Amino acid sequence: MSEYLETPAGRRIAYQRSIGRGPGVVFLGGFKSDMTGTKAAWLHDWARERGRGFLRFDYSGHGDSSGSFEEGSIGDWSQDARHVIETLTDGPQVLAGSSMGGWIALLVARALPQRVAGLVTIAAAPDFTEQGFWAGFDETQRQALTTAGRVALPSDYSDQPYVITRRLIEDGRDHLVMNQPLPLPFPVRMLQGTADADVPVDWAMRLLDHATGGDIRLTLVKGADHRFSSPECLRLIAQSIDDVLA
158 MSEYLETPAG RRIAYQRSIG RGPGVVFLGG FKSDMTGTKA AWLHDWARER
208 GRGFLRFDYS GHGDSSGSFE EGSIGDWSQD ARHVIETLTD GPQVLAGSSM
258 GGWIALLVAR ALPQRVAGLV TIAAAPDFTE QGFWAGFDET QRQALTTAGR
308 VALPSDYSDQ PYVITRRLIE DGRDHLVMNQ PLPLPFPVRM LQGTADADVP
358 VDWAMRLLDH ATGGDIRLTL VKGADHRFSS PECLRLIAQS IDDVLA
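For the sequence shown, counting from 1, position 150 maps to 307 in my numbering; every step adds exactly one.
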């Protein structure tokens with residue numbers, strides 16, 4: 158059963174957690190995904206079996222949390238993540254960020270480095286509003302975004318299109334991480350599938366090259382797609398968390 162936490166901004170965030178030994182693990186989901194997804198649920202069970210603290214939650218506008226998805230932004234969702242981590246966990250945590258959650262995890266790590274014991278990213282998509290959406294828009298779409306404030310894109314994961322707003326793009330530019338130093342002074346394990354149609358392998362290579370730290374590794378999985386949810390991929394995520402904890 159989900160519990161709820163009110164943020165200082167008045168957003169009601171749904172979450173589920175297991176109390177256990179630390180450092181705990183916090184799962185940060187992707188764009189328009191929620192905490193009932195395969196990776197979040199599997200990792201929650203995995204952590205519970207080991208007596209490890211675990212926390213998963215829905216950003217505002219996602220899942221069971223309050224708000225409209227179309228009104229949200231990277232800044233809002235990173236604020237949600239920070240408040241959840243600061244309020245519901247104690248001490249350093251291992252952040253496991255999937256897709257957009259990888260970007261959110263990097264923003265949390267930049268803001269709260271003392272609360273991060275390690276980082277595991279799965280198909281991390283830092284700055285995707287700029288290097289993915291905006292860079293991929295044609296002139297008609299950019300014009301629609303400027304004049305109408307939104308543009309609809311087809312989704313491979315839902316019958317409903319993604320509505321991309323001007324606020325999402327403009328706010329994303331205020332939270333970029335690839336245009337400035339990115340120190341990660343804790344163990345980092347990056348996971349990336351070579352068959353990912355949403356996040357190119359090149360993004361993972363650029364993130365590896367851009368970040369600085371003494372213990373950063375990238376693992377490429379041949380044939381794995383963006384979901385990264387096969388039994389083998391799930392076990393690799395867990396092994397990466399164990400590696401960071403060790």
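Beta carbons: idealized from backbone N, C-alpha and C, even for Gly. Just so it is clear, the structure is predicted and the values come from calculations on it, not from any experiment.
Does DSSP classify residue i as helix, strand or coil?
i    : result
G259 : helix
P342 : coil
T303 : helix
F464 : This structure cannot settle anything about residue 464, because the visible part of the chain is limited to 158 through 403.
V265 : helix
I170 : strand
V358 : helix
A253 : strand
Among residues of its own chain, excluding the 5 on either side of residue i, which ones have a beta-carbon nearer than 7 Å to its beta-carbon?
i    : result
R324 : S230
I373 : L341, V345 and L365
R330 : E287
Does the distance from the C-beta atom of residue i to that of residue j stay below 7 Å?
i    : j    : result
V401 : A280 : no
A224 : G232 : It should be pointed out that residue 224 corresponds to Gly in this sequence rather than to Ala. Going by C-beta atoms, G224 is not nearer than 7 Å to G232.
R303 : E227 : Contrary to the premise, residue 303 reads as Thr rather than Arg in this sequence. Result no, Cβ atoms of T303 and E227 do not sit closer than 7 Å.
A305 : V277 : no
Keeping to the same chain, check which residues put their C-beta closer than 6 Å to that of residue i; ignore five residues upstream and five downstream.
i    : result
Q298 : V308
G350 : V378, A381, D382 and F385
D221 : S159, A171 and D215
With which residues is residue i paired in a DSSP beta bridge?
i    : result
T244 : Answer is none; T244 lacks a bridge partner.
L377 : Q349
V320 : A309
Taking 7 Å as the CB-CB limit, is residue i close to chain C?
i    : result
L269 : Reference to chain C is not applicable here, since this structure consists of a single protein chain.
Near residue i, what residues of its chain come up, given a Cβ to Cβ distance below 8 Å and the 5 sequence neighbours on each side ignored?
i    : result
Q271 : P249
T195 : R384, S386 and L391
With residue i and residue j assumed to form a contact (beta carbons below 8 Å), what rounded beta-carbon distance in angstroms separates them?
i    : j    : result
R213 : F188 : Rounded, the Cβ-Cβ distance is 16 Å, inconsistent with contact.
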